[in-house]
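Numbering (full-length UniProt numbering), first residue to last: 1 to 499.
Beta carbons are placed, not taken as given, at the ideal position from N, Cα and C, and that holds for glycine.
The structure displayed is predicted, hence computed values, not measured ones.
Contents: one structure, followed by commentary.
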């Protein structure tokens, strides 16, 4: 049998593998080689050389425990090899067989790891078994959890930063609905039920007050629970579902269409109307009613529904020119109006009327009967009334298709019961800053129109986080018919104004 000689290069190579493969197997391999040489002095010199190579090349990587294991394993293998060298000619000792077997098994395992199949190491995390195959489609299972978390946080941070830095032209974002088609449906609704146009404006006030925290009756006050608004609530639900619009968008658009239907000032409202109303991140707290009062003051309401100026607030109250009391609201005051005999025409006549009848307003008294005893209890105690002659207009007729309502003269000398809230009359007539605007608007219709449009636009956009300017889209909808002719698609979303 030839003698196996181990030189320094061989030891250096084995020393590099010392920490990657079990060191005991390597030392047993050396003992096997040395036993075949039958030279104990070579064996001793070989182990000393190996120990020095390992200690020299891996001094910074070996712990004290590994140094001790290396020395003990070397001593054990030396003594075993010396004992078995005397029987070299007969057979190889069990130590040789065991050493070669363990070395071959370790070598086969190493070759498997070098192959194409990736084996997850046992220290990748809890629950992993030694030699278990890794799933290439679940590589995250074999990563350190710390690095996995850092990678996820980095991805989220990068995405957030990109969203903040990226410039998005929101003016080019198109809504899902076709405004012209929605306006056409609303216009047809008002032609069938003209009384819903003033009601839609009342809803706009109610929702603005709710957003501002000054709603009067209940926390969940909305167009569905406020008295007298059940019919218009059904219209909102139908239009919003048909055209995929949010409730706030449809109520604001309905208010704009109602102003146009009532022949009020709406040119700027139509141009500046915005969509995509989003609630604020933090709701405005509900404002408590001052002690000793039943309701919020008119001045406080104007402050919270859009921070309106005195000019804009007074101009908005001119909307009472188309107001009348509804049986489900007042119960006993069905047919009472705000302006005598007037039809559905929104103008500055309300200011003229309250100035002319300023000295005639008296507290409202309703006789209590068996039928209305419960209703009378719920009537506001601040109502005032006046009987005035009909101003030669009638509200009973409906307009023809595509035409706005027009006043119809009548010769009746019957006086109408006109009712108003006393707190509002005091705000308009007794407050100096408000009265001056009442007098201006009663004389100058143009100034009232400009202030009314500014005030209503601010109210419709109050207390929202984001609004987007509307651009005509190409969803295939067409504008409503006007006087038998269709408007040009993409250029007009509202019917033509009728003088």
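Near residue i, what residues of its chain come up, given a Cβ to Cβ distance below 6 angstroms and the 5 sequence neighbours on each side ignored?
{"i": "residue 350", "result": "318, 320, 321, 339"}
{"i": "residue 353", "result": "339"}
{"i": "residue 268", "result": "453"}
{"i": "residue 324", "result": "337"}
For my contact list, residue i and residue j are in at a C-beta cut-off of 8 angstroms; report their separation, rounded to the angstrom.
{"i": "residue 258", "j": "residue 182", "result": "Actually they are not in contact, since the Cβ atoms of residue 258 and residue 182 sit about 13 angstroms apart, beyond 8 angstroms."}
{"i": "residue 305", "j": "residue 462", "result": "6 angstroms"}
{"i": "residue 265", "j": "residue 453", "result": "5 angstroms"}
{"i": "residue 278", "j": "residue 239", "result": "About 20 angstroms; that fails the 8 angstroms criterion."}
{"i": "residue 189", "j": "residue 229", "result": "Residue 189 to residue 229, Cβ: 14 angstroms. No contact."}
{"i": "residue 276", "j": "residue 380", "result": "Between residue 380 and residue 276 the Cβ distance is about 37 angstroms, and since that is not below 8 angstroms, they are no contact."}
{"i": "residue 211", "j": "residue 149", "result": "Rounded, the Cβ-Cβ distance is 41 angstroms, inconsistent with contact."}
Under a three-way DSSP split, which group does residue i fall into?
{"i": "residue 177", "result": "coil"}
{"i": "residue 159", "result": "helix"}
{"i": "residue 263", "result": "coil"}
{"i": "residue 386", "result": "strand"}
{"i": "residue 361", "result": "coil"}
{"i": "residue 465", "result": "coil"}
{"i": "residue 273", "result": "coil"}
{"i": "residue 153", "result": "helix"}
{"i": "residue 303", "result": "helix"}
{"i": "residue 458", "result": "helix"}
{"i": "residue 420", "result": "strand"}
{"i": "residue 195", "result": "coil"}
{"i": "residue 324", "result": "strand"}
{"i": "residue 426", "result": "helix"}
{"i": "residue 231", "result": "helix"}
{"i": "residue 310", "result": "helix"}
{"i": "residue 381", "result": "coil"}
{"i": "residue 337", "result": "strand"}
{"i": "residue 278", "result": "strand"}
{"i": "residue 318", "result": "helix"}
{"i": "residue 146", "result": "helix"}
{"i": "residue 224", "result": "Bear in mind that the predicted position of residue 224 carries a pLDDT of just 49, short of 50, making it unreliable; the figure below should be weighed with that in mind. DSSP places residue 224 in coil when its eight states are reduced to three."}
{"i": "residue 414", "result": "coil"}
{"i": "residue 345", "result": "coil"}
{"i": "residue 369", "result": "coil"}
{"i": "residue 500", "result": "Outside the shown range of the chain (1 to 499) lies residue 500, about which nothing can therefore be said."}
{"i": "residue 255", "result": "helix"}
{"i": "residue 243", "result": "helix"}
Kindly list the residues whose CB is nearer than 7 angstroms to the CB of residue i, restricted to its own chain and excluding five residues on each side of it in sequence; keep chain order.
{"i": "residue 364", "result": "383, 384, 385, 419"}
{"i": "residue 97", "result": "With a pLDDT of 39 at residue 97, under the threshold of 50, the modelled position of that residue is not reliable, and no figure is offered here."}
{"i": "residue 360", "result": "386"}
{"i": "residue 370", "result": "none"}
{"i": "residue 400", "result": "Any reading at residue 400 must be qualified, since the residue scores a pLDDT of 38, below 50, and its modelled position is unreliable; no value is offered."}
{"i": "residue 313", "result": "302, 455"}
{"i": "residue 244", "result": "176, 177"}
{"i": "residue 203", "result": "223, 229, 232, 251"}
{"i": "residue 146", "result": "none"}
{"i": "residue 154", "result": "none"}
Nearest by alpha-carbon distance to residue i: which of the options is it?
{"i": "residue 270", "options": "465, 341, 456", "result": "456"}
{"i": "residue 286", "options": "213, 165, 361", "result": "213"}
{"i": "residue 311", "options": "295, 464, 242, 428", "result": "428"}
{"i": "residue 177", "options": "250, 355, 272, 195", "result": "250"}
{"i": "residue 315", "options": "179, 174, 162, 446", "result": "446"}
{"i": "residue 344", "options": "274, 164, 261, 155", "result": "261"}
{"i": "residue 207", "options": "233, 195, 190, 191", "result": "233"}
{"i": "residue 357", "options": "380, 388, 308", "result": "388"}
{"i": "residue 464", "options": "444, 248, 380, 301", "result": "248"}
{"i": "residue 201", "options": "346, 449, 380", "result": "346"}
{"i": "residue 504", "options": "444, 313, 295, 267", "result": "Coverage of the chain is limited to positions 1 through 499, which leaves residue 504 absent and any answer about it impossible."}
{"i": "residue 300", "options": "160, 430, 209", "result": "209"}
{"i": "residue 274", "options": "157, 156, 179, 235", "result": "179"}
Got a sec? Which residues, its chain only, sit under 8 angstroms from residue i by beta carbon, not counting five neighbours each side?
{"i": "residue 193", "result": "231"}
{"i": "residue 308", "result": "302, 316, 455, 458, 459"}
Would you check if the distance between the CB atom of residue i and the CB atom of residue j is smaller than 7 angstroms?
{"i": "residue 460", "j": "residue 246", "result": "no"}
{"i": "residue 337", "j": "residue 416", "result": "yes"}
{"i": "residue 255", "j": "residue 355", "result": "no"}
{"i": "residue 298", "j": "residue 424", "result": "yes"}
{"i": "residue 448", "j": "residue 348", "result": "yes"}
Measuring only between beta-carbons, confirm whether residue i sits less than 7 angstroms from chain B.
{"i": "residue 193", "result": "Of the protein chains in this structure there is only one, and it is not chain B."}
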